[in-house]
Ligand code: TIU
């Protein structure tokens, strides 16, 4: 069985059961004037991963494996937007309000669309989700079951919010999960690192793992010695540990 070098254990993959889930690579999270920016975030960190996510998507397409796209969005009448979500925090504008790219995070608005470079192909699955997790109030669970998908590779934004929420629920539902470290991003480096550290250090047997995108899109380890990747990832894990000790949330 083919293996992707990953932590905390190699990911034995069965291509016939595998799908890529690209979480929320929408203009609203990646462009000035969108939802992410309305929360005061620098969207540059999100745009930086677009080429990597594109490569990953193209790798799955070339291999004939399913690509599933998610979009965080709400109905125009806001009937699926609870006040607890709309009224949260102190953004410059709120979900449903008119912004420079249309109404924020509303289905069908220009800003809610997936980035042009990563646009779904006709026939690819697109999940519109009102929550952070992609299973809540969506048909994703049924779609995966109907297609016999058992392994999920995750990319997209943000690592600690929609990606992590979806991945944890996927794991609860019995899916083997692989997070692609170079194809996911947060507005905050510390949040991405903390999420990866949590998965690395707390993952149980057959739980979620992390892998660099190149080992997924290429033949695993085709031209790199295993020891080199191990050493690199060992360094990551240690770095996470050190960083977490200084992390303000822990104090
Ligand atoms: N897609 C996703 O993560 N939605 C968010 O609201 N993320 C934030 O980090 N706010």
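Residue numbers (the working numbering): 733 to 983.
In this text, a Cβ means the ideal position worked out from N, Cα and C, and glycines have one as well.
- Residue 842 and residue 743 have their alpha carbons spaced roughly 38 Å apart.
- For residue 797, the closest alpha carbon among the candidates 759, 778, 752 is that of 752.
- If you ignore the 5 residues before and after residue 808, its C-beta comes within less than 6 Å of the C-beta of 838, all in its own chain and listed in chain order.
- Scanning 930, 817, 918 for the CA closest to the CA of residue 769 turns up 918.
- In the DSSP annotation of this structure, the continuous segment of the alpha helix (DSSP H) that includes residue 782 starts and ends at 782-794.
- Taken from the Cβ of residue 785, every heavy atom of ligand 1 lies 7 Å or farther away.
- Classified as exposed, residue 848 has fewer than 16 neighbouring CB atoms from the shown chains inside 10 Å of its CB.
- For residue 908, the pairing in a beta bridge is given by DSSP as 883.
- Counting C-beta pairs closer than 8 Å gives fewer than three between the region 811-828 and the region 922-933, which falls short of the contact rule.
- Taken from the Cβ of residue 894, at least one heavy atom of ligand 1 lies inside 7 Å.
- When secondary structure is reduced to three states using DSSP, residue 803 falls in the strand class.
- Between the alpha carbons of residue 757 and residue 889 lies a gap of roughly 6 Å.
- Per DSSP, reduced to three states, the secondary structure at residue 870 is coil, with no helix or strand assignment.
- Remark: the shortest separation between the CB of residue 889 and any heavy atom of ligand 1 falls under 7 Å.
- Within the same chain, and ignoring the five residues on either side of residue 789 in sequence, the residues whose Cβ sits closer than 7 Å to its Cβ are 752, 754, 799, 850.
- Boundaries of the alpha helix (DSSP H) harbouring residue 817: 815-818, taken from the DSSP string.
- Judged by their CB atoms, residue 909 and residue 915 are not nearer to each other than the 8 Å cut-off.
- Judged by beta-carbon spacing, residue 775 lies beyond the 8 Å limit of residue 783, meaning their Cβ atoms are not closer than that value.
- In this structure, residue 804 has its CB closer than 7 Å to one or more heavy atoms of ligand 1.
- Shown here, residue 836 sits in coil according to DSSP, grouped into three states, outside any helix or strand.
- Beta-bridge partners assigned by DSSP to residue 761: none are found.
- In this structure, residue 907 has its CB at a distance of at least 7 Å from all heavy atoms of ligand 1.
- Pairing residue 856 with residue 801, the inter-Cα distance amounts to about 8 Å.
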